[in-house]
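Written out as structure tokens, the structure reads:
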């Protein structure tokens, strides 16, 4: 039996599962009604399930609840904006501005992955806006800080990269 | 997303104005369409002979569309058309799609045909409704219709303050209109919405996690199912072990086994996942079956007449034999492309609610699926469950990107079968391994090219294709077209009788060659009842991996062969390949897309030293959109690795409804095309697919189905040729066809290696280097 309290998008939520080897993805979707994180591959290869745990980028499909600290902050796409359209996060706004999605099933990964990455840079004092090449390498898992690849199958890559650069410009200010 | 208004309620006599039309074909076909929806409007009304509806009520304007949004933006484009003709805002138009009760059949959403076929009739339907509203307004305001102008749902008398809203006019109206083919349409010069970059209507909800994809569908009392697939395509069920271990999982409900169909049901997805996993739940043993045709021998096996059930000449102009016989030299080359996957980023899922008896409205089974064809799926599931088709309701819900016949229908069948057995609604989520291992693939295809080039250009051309089926979609009358149906012993449909617009798509060319022949050899996917039979023998024995329709069908492979061989002949004849294309075409629209990439070609890298440029041209399906593509590549001689540096696409698909949406479709075609050209290849061994993941798990060298990464995507320039006076042509598939050949031609220019096999891996480049 695993019981835990997490702060989901800033709000305290209790979860209770019979087996705390259960992956966070299923806890979020089934118990906490989150729709942002998606099942894509179940083996951390595509990014569709990406969430932030205490600010760290996590592939929730391979993250057992047991590895999530009691009281941990969990952020999902569902909580990134309020219902108020004016309150969209710069990343959401930029993805809409660039029309960066076709089926858009994957964008949860790119938005949450970019959020964790950009916020991490800013938190360590790096307020530069990454170049498109750097963003593309990051999303390909080809950078020293991350080997996680993000898959988009419809072919919205250039727009996604542009959107992340544009959002980064807003986030560093 | 979906309107709550039911068709039944407004047909029962509420205030409404209804226009009947069909998205199936052109205007001429509107009246001939065959209605098979469950709800019929007053059968004496002319509109009842048509298939889909545009409904205006005081509260909403709603398009009931059998064509569905697969992720390409057609919902946005169709909405633009309706808003334009009706002088409404985009947000005033609702879209109800793919529902076998509310939206009668419009066939499959496939082949880049939604806008090409749907836009024409939908536009006229909206014009019909507008003309009716205009008359109502003129009557209400007691003025001549010519004095009225409409804007955003309100008629105004020109130069005066007097006005009336559509809402008011529609109150108390209950009119059903047939399509009025003479209702005036908005002139292209007056377009306010068509031709603009209207934002995708579905994206805001997708960016805020509010959009409900198939995988997000939940219904009260829903259980969760997982399937356990056979060890291979020809394996048969033997036994199930460790049932007690699965039973001990909290939430476990039951194991289901019928023939080769095995699944588990539990109260939570996690419990179902554990119960189906051989390390934590049941273990299923299978009796191995015969191996498929060996993967390494595919190029020869496809060409072997013993593996074919039919050979057919599908185009024969001039006298190819005489031209070959009299030629100084007949050039020959052979091409090959492997099995490719759709590989949607989300694994297939579905929800089904199958009851013991029909409810008050006559529905016994409700299925939520990302299918391309709700009505065919309804029929197939009806056969699977033994429930009459009208008692089955299939509701389309958008899944992860759909590029053809993927696992959506099969997941729906899995859910339906499990739901029927447990008597509760069941959601089935496939694993990635289920998807990669069992989705219908784009088949491998082989090509033999022969041609003659002289001082006059290319004078004779012959393309022979060898291919398995590109069309094993669900059949409304055969549950054996679903995986679950085959697992419980039903046979698939017979194989196609021609290459038609499938393996043969774009196998012919539109060049003005004096002599041209296309010969198609149709390869058996399974053992048939005789050497020339297309009918499956019993018991079913598969010979090839499962194949069906993947974006452009045979188009990518055929144009790869055609446009690469064109360059081979051009260079052999001493021609500039770009100029020879111009000289071999007469259609002004073909010439104009080539002209549009001429500046890129003229400033191309010289070639050699590992950097080069190539072009390819095709007219999709020979009669639809025109595409000319320019590609620059860099080839690393040491490693053999190709990187695409720049892509320029010129594209003419007639009237452009949404330029940004069109650019996005072209970009998607280019990127998927690069991926399929350079990286993608399904591997299998024995009778089982071995490329079950996107990458080898860390520390292993397991085969994987690798797709393009962000840092492998080049800058893409799109040149749109808008033709407001021409019909809309589809844009979902035309551009992908040009990619492999344009890349191959660029590689040849860069390093002299002629790549005739996809994917163009580093090893193949090194092997082909001169």
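Chains as they are written, first to last, in the numbering used here: chain W, 864 to 1036; chain V, 157 to 926. Ideal Cβ positions, reconstructed from N, Cα and C, are used throughout, including at glycine.
query, result
"Residues near residue 931 of chain W in its chain [Cβ-Cβ closer than 8 Å; skip 5 each side]", "867, 869, 887, 916 and 937"
"Contact between the segment 349 to 356 of chain V and the segment 234 to 246 of chain V (3+ Cβ pairs under 8 Å)", "yes"
"Boundaries of the alpha helix (DSSP H) in which residue 817 of chain V is found, first to last residue", "815 to 834"
"CA-to-CA distance, residue 1009 of chain W to residue 777 of chain V, given in whole angstroms", "43 Å"
"For residue 637 of chain V and residue 536 of chain V, the rounded distance between their alpha carbons", "7 Å"
"Cβ-based neighbour list, residue 307 of chain V, same chain, cut-off 8 Å, excluding 5 preceding and 5 following", "243"
"Chain-order list of residues whose beta-carbon lies under 8 Å from that of residue 926 of chain W (same chain, five-residue window excluded)", "886, 887, 888 and 916"
"Anticipated Cβ contact below 8 Å, residue 267 of chain V with residue 223 of chain V, distance rounded", "Wrong, their Cβ atoms sit about 11 Å apart, outside the cutoff."
"Straight-line gap, residue 895 of chain V to residue 257 of chain V (C-alpha atoms, nearest Å)", "41 Å"
"Cβ separation of residue 227 of chain V and residue 955 of chain W, assumed to be a contact under 8 Å, to the nearest whole Å", "Going by Cβ atoms, the distance from residue 227 of chain V to residue 955 of chain W rounds to 19 Å, so no, they are not a contact pair."
"Residues bridged to residue 524 of chain V [DSSP beta-bridge criterion]", "V/507 and V/551"
"4 or more residues per run - each alpha helix (DSSP H) lying fully within the segment 675 to 763 of chain V", "711 to 728, 733 to 739 and 744 to 758"
"Partner residues on chain W for residue 585 of chain V, Cβ-Cβ distance less than 7 Å", "902"
"CB contact check: residue 195 of chain V to chain W, cutoff 9 Å", "Caution is warranted here: a pLDDT of 23 is assigned to residue 195 of chain V, below 50, making its placement in the model unreliable, and the coordinate value is therefore given only provisionally. False, the Cβ-Cβ gap to chain W never drops below 9 Å."
"Any C-beta of chain V under 9 Å from that of residue 866 of chain W", "no"
"Spatial distance of residue 922 of chain V from residue 502 of chain V (CA atoms)", "35 Å"
"Chain V within 9 Å of residue 993 of chain W, Cβ atoms only", "no"
"Min CB distance residue 1007 of chain W to chain V below 9 Å", "no"
"Own chain residues within Cβ distance below 8 Å of residue 431 of chain V, not counting five before or after", "382, 402, 405, 408, 411, 420, 422, 437 and 438"
"9 Å Cβ cutoff met for residue 369 of chain V and residue 556 of chain V", "yes"
"Residue-level contact to chain V via CB, residue 881 of chain W, 9 Å cutoff", "yes"
"Cβ-Cβ separation, residue 210 of chain V to residue 283 of chain V (assumed contact under 8 Å), whole Å", "Not quite, the Cβ-Cβ distance comes to about 10 Å (not below 8 Å), so this is no contact."
"Residues from the segment 869 to 892 of chain V in contact with chain W, defined by Cβ distance under 8 Å", "869, 871 and 872"
"Classification of residue 816 of chain V by the beta-carbon crowding that lies within 10 angstroms, buried from 16 upward", "buried"
"Span of the beta strand (DSSP E), counted from its first residue to its last, around residue 917 of chain V", "It is not in any beta strand (DSSP E) - residue 917 of chain V carries neither H nor E in the DSSP assignment."
"Interface flag, residue 936 of chain W vs chain V, CB-CB below 9 Å", "no"
"Under the three-state DSSP convention, the category residue 909 of chain V falls into", "coil"
"Contacts around residue 183 of chain V, its chain only, beta-carbon distance under 8 Å, and the 5 residues preceding and following it disregarded", "Unreliable positioning characterises residue 183 of chain V in this predicted model, as indicated by a pLDDT of 30, which lies under 50. A coordinate reading is not provided."
"Residue 314 of chain V classed as buried or exposed, judged by whether at least 16 other C-beta atoms fall within 10 angstroms", "exposed"
"Supposed close pair residue 105 of chain V, residue 771 of chain V - CB separation, criterion 8 Å", "Past the boundaries of the shown model lies residue 105 of chain V; chain V is included only from 157 to 926, so the question cannot be answered."
"At least 3 beta-carbon pairs within less than 8 Å: the segment 985 to 1004 of chain W vs the segment 831 to 846 of chain V", "no"
"According to DSSP, residues forming a beta bridge with residue 212 of chain V", "V/173 and V/217"
"Contact set between residue 1024 of chain W and chain V, taken where Cβ atoms lie within less than 7 Å", "866"
"Proximal residues, the segment 554 to 574 of chain V versus chain W, C-beta separation under 9 Å", "554, 555, 556, 557, 558 and 559"
"Any C-beta of chain W under 9 Å from that of residue 367 of chain V", "yes"
"Contacting positions in the segment 905 to 937 of chain W - beta carbon closer than 7 Å to chain V", "905, 906, 908, 909 and 911"
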